[in-house]
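To convert a position in the sequence shown, counted from 1, into our numbering, add 145.
Note that beta-carbon positions come from the ideal geometry of N, C-alpha and C, so glycine has one too.
The structure appears right after this line, and notes come after that.
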Amino acid sequence: MAEWNAYYRNEDEEEEQEEGEQSGGDHYKVTGRDSLVFLVDASREMFIKGEDGQPSNFDMTMQVLRSVYTKKIIRSHRDLVALVFYGTEQSKNPRNSFKHVYVYHDLDEPGAKRVQEVDALRGEKGAKLAAETMGSGETSLGDALWCCANLYSDIKLRLSHKRLMIFTCRDEPHEGDNTKDRQARTKASDLKETGVVIDLLHLMKPGGFDVSRFFRDIVSPPEDESELGLQLQPTDKLEELQKRVWAKEQPKRTQARLNLCLGEGINVAVGIYSTAVLARKPSASRLYRETNEPVHSKTRTFHTQTGSLLLPSEIKKAQTYGKRQIVMERDEVDAIKKFEDPGMFLIGFKPMEKLKVHHHIRPAVFLYPEEGEVKGSACLFSALMRKCSERNVFALCRLVSRRNYSPRFVALVPQKEEVDEGKVQITPPGFNVIFLPYADDMRTLDPPQCPSASQEQVDKMKEIVSKLRFKYRSDAFENPVIQQHYRNLEALALDMMVPEETEDLILPKVEQINNRLGPLAQEFKDLVYPADYNPEGKPAAKRKTADAGGGAEKKPKVEVPEDELRAHVQNGTLGKLTVPVLKEACKQFGVRTTGTKKQELIDALIARLGS
């Protein structure tokens, strides 16, 4: 009979469960796998190098694809990825139905071999390999899209998110051929009807890239306001291209979809998203020793007296009160624990000054409207966010994120949209959900009594702090242990001689700190420490000496009486004695041994005393 307490989750377990689901978890079982097809232009224009030794558009694309492959392996290795080239001289696709289309990778899980194959297409050697393998020929984007559609139709697995990314530097791939343009638009429309999202990652070319000539009718419109949509400006920088790809490739999964109740009969459909998840090392997978296949564990409950298998309906929950077990059905436990249905309920508004830093007790989540659930949610949500921002207030709400979860009080802090120079979204519009502490979470501590610093010492430290202050960015620091862990795995999988070195960004930059501080550090030491005190010095280690002569203390000899030794020989318990004791016994009885191992000493003593 299970204890009632075992059924309850604490807040830490709830938080870990939510983080696990956001970082991968078991979402494949619920929603299916994500799929991503890279459709890359292989025309001659893609291989032209940029100015001042800049990499070609093709080389830049291969670097981005390589980073996406490695990220997929680490973050969601069961997603499906494909790589298709169009505008090639050679043709390679299922049944070779389409000319000038080269399927480099079928739609399958990414692996080390695929990363190596993409690596081979980088740099000058990669350009030569691509010219020898595929070449550059005529272009028919309609055939390429048709081939990609066949890749999706050949997959029998359940797919939750289908995305196709086109990399090209040509705004008129068919050079004015209206028939091919019409075929491409028709096939793109068919793909979008089947749920495939088509994105354009257009690259810089001489004279600029005009999206309105052809590709405006090919790409998918943004699904909602949070989507980047079609970028009008092409990119010629690797970092910017990586940002655009990662922003589009990362699927947006909700922790929960709820109704935000603003009053009686006024509900706004919202989704809760995790913007930051704690990075952890992947858990170890158990493998079967003989076949090296993953082992799946199953838990079954048996009756302690009869040994019969118990069904879930036969397992009861119990709690002991007054030396008596109170047995409850699972439905009764659910009813006791349930406070209310999942949802978010508005309590009121408070000035932003009331929200303190110490109220932040766990990572915040993000709130965004779900227009597909309740029509008009985006409009009302946007109005609420705008008014909260104008009046500098936050909304106080009660949140029950899931069934049987305990209610939490949260603060909804408005956040406006921000974009960078390339019109790439940096921060989305919505509400940051700050989890507030309960009253018993706030404790009064008795700090230890320490001597107070003088005003002169405080002023000097203020100068030091002002010199060392910098603008903090969370993405500027990485966990060096996890980074090195993945570098080692990458080196092992790709047969690299030495893993790629990682820079520990957490270590302080001592030289830069010394240059900024100048004499301030020494002035502060002079104010705080005594004149003869050396903070960097270490006290000399004291050597243990004997009481009389000062020499090292010797261990006393351990002697075992002869009667006791003979008793050990007769009982066969010589093995319980230590090696030093056995050596001393051999010296005591004049036993010569050829070795110093324990068994050799035992055999010599048995031969001497047993006769």
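Close Cβ partners of residue i (< 6 Å) along its chain, the five nearest in sequence each way excluded
| i | result |
| --- | --- |
| Met349 | Pro379 and Asp381 |
| Leu345 | Ile311, Phe360 and Val364 |
| Gly416 | Thr399, Arg402, Tyr513 and Glu515 |
| Lys728 | none |
| Asn624 | Ala424 |
| Arg737 | none |
Under 8 Å between C-beta atoms of residue i and residue j
| i | j | result |
| --- | --- | --- |
| Leu491 | Cys524 | no |
| Glu289 | Val229 | The residue asked about is misnamed: residue 289 is Ala in this sequence, not Glu. Cβ atoms of Ala289 and Val229: closer than 8 Å. |
| Ala752 | Cys731 | no |
| Gly575 | Tyr513 | yes |
| Met473 | Lys462 | yes |
| Leu665 | Ile627 | no |
| Val519 | Val413 | yes |
| Leu650 | Phe622 | yes |
| Glu656 | Pro644 | no |
| Arg711 | Leu754 | yes |
| Ile219 | Tyr678 | no |
| Ile343 | Leu225 | no |
| Arg303 | Glu190 | no |
Residue i burial status per 10 Å Cβ neighbour count (16 or more: buried)
| i | result |
| --- | --- |
| Phe203 | buried |
| His441 | exposed |
| Ser285 | buried |
| Trp291 | buried |
| Asp179 | buried |
| Ala187 | buried |
| Gln744 | exposed |
| Tyr418 | buried |
| Tyr550 | buried |
| Asp326 | buried |
| Pro318 | buried |
| Ala584 | exposed |
| Phe511 | buried |
| Met642 | exposed |
Three-state secondary structure assigned by DSSP to residue i
| i | result |
| --- | --- |
| Gln378 | coil |
| Phe243 | coil |
| Glu485 | coil |
| Asp708 | helix |
| Leu113 | This structure cannot speak to residue 113, because the chain is shown only from 146 to 756. |
| His441 | coil |
| Met497 | helix |
| His319 | coil |
| Leu274 | helix |
| Arg402 | strand |
| Gly287 | helix |
| Met473 | strand |
| Cys595 | coil |
| Tyr214 | helix |
| Leu336 | helix |
| Arg737 | coil |
| Glu385 | helix |
| His347 | strand |
| Gly720 | helix |
| Ile300 | coil |
| Val519 | coil |
| His505 | coil |
| Asp748 | helix |
| Val643 | coil |
| Pro573 | coil |
For residue i, the nearest candidate out of the options (CA to CA)
| i | options | result |
| --- | --- | --- |
| Glu477 | Gly488, Gln464, Met489 and Lys468 | Gln464 |
| Lys217 | Val260, Ser281 and Lys461 | Val260 |
| Thr215 | Val185, Ser242, Val263 and Ser201 | Val263 |
| Asp586 | Lys468, Asp251, Ser430 and His503 | His503 |
| Val390 | Val209, Arg632, Val415 and Phe447 | Val209 |
| Ser619 | Val246, Glu196, Asp251 and Ala424 | Ala424 |
| Ile193 | Tyr249, Phe183 and Gly268 | Gly268 |
| Arg211 | Val248, Phe243 and Ala257 | Ala257 |
| Gly663 | Leu613, Asp335 and Glu648 | Leu613 |
| Ile579 | Gln328, Val558 and Glu562 | Val558 |
| Val182 | Asp251, Asn241, Lys237 and Arg475 | Asp251 |
| Lys388 | Lys605, Gln570, Met207 and Arg240 | Gln570 |
Cβ shell of residue i (< 7 Å), same chain only, five flanking positions each side left out
| i | result |
| --- | --- |
| Leu455 | Thr446, Phe447 and His448 |
| Gly488 | Leu403, Asn404, Cys406 and Val545 |
| Met279 | Ala187, Phe230, Thr233, Glu234, Gln235 and Tyr247 |
| Arg531 | none |
| Lys561 | Ser534 and Pro574 |
Residues near residue i in its chain [Cβ-Cβ closer than 8 Å; skip 5 each side]
| i | result |
| --- | --- |
| Ser201 | Met191, Phe192, Ile193, Lys194, Gly195 and Ala272 |
| Ser522 | Val413, Ala414, Val415, Pro514, Glu515 and Glu516 |
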